[in-house]
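What follows is a short report on a single structure.
In the numbering used here, the protein residues as written are 60 to 181.
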């Protein structure tokens, strides 16, 4: 019986170590993203500007329809304005060349959760 208890305790310790290692790895990769561009606007989980991974466009602006943006992200004019404003110091004449909408279901209040990805060319 004590042998079984010892094995269970060893498994619990091992599980804790694996979870800690996984969380540390996630935290370190989240903060070292060198493709994120600093703009005059605050970066959050709902708004981010990154250098493009593709030669077809220069920047990728990601906007989630969260509450901390100060705009209605579901309004295309507001999204476009925010994306272009964020890149005013990086591009002389930024243009939105493509937009993708990723639907992610709905939140606890029943509102649709969406992520908008805007491809910007200078």
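Just so you know, even glycine gets a beta-carbon here, dropped at the ideal spot from N, CA and C.
Just so it is clear, the structure is predicted and the values come from calculations on it, not from any experiment.
Any chance you could list the beta strand (DSSP E) runs of at least 3 consecutive residues sitting entirely within the segment 146-176, in chain order?
154-165
In chain order, what residues of the same chain lie with their CB nearer than 6 Å to the CB of residue 150, ignoring the 5 residues before and after it?
181
Quick check on the burial criterion: 16 or more other C-beta atoms within 10 angstroms. Buried or exposed for residue 138?
buried
Any idea if residue 144 is buried or exposed, counting beta-carbon neighbours within 10 angstroms, 16 or more meaning buried?
Exposed: under 16 other Cβ atoms inside 10 Å.
Along the chain, where does the beta strand (DSSP E) containing residue 122 start, and where does it finish?
118-123
Between which two residues does the beta strand (DSSP E) containing residue 109 stretch?
Residue 109 -> beta strand (DSSP E) spans 106-110.
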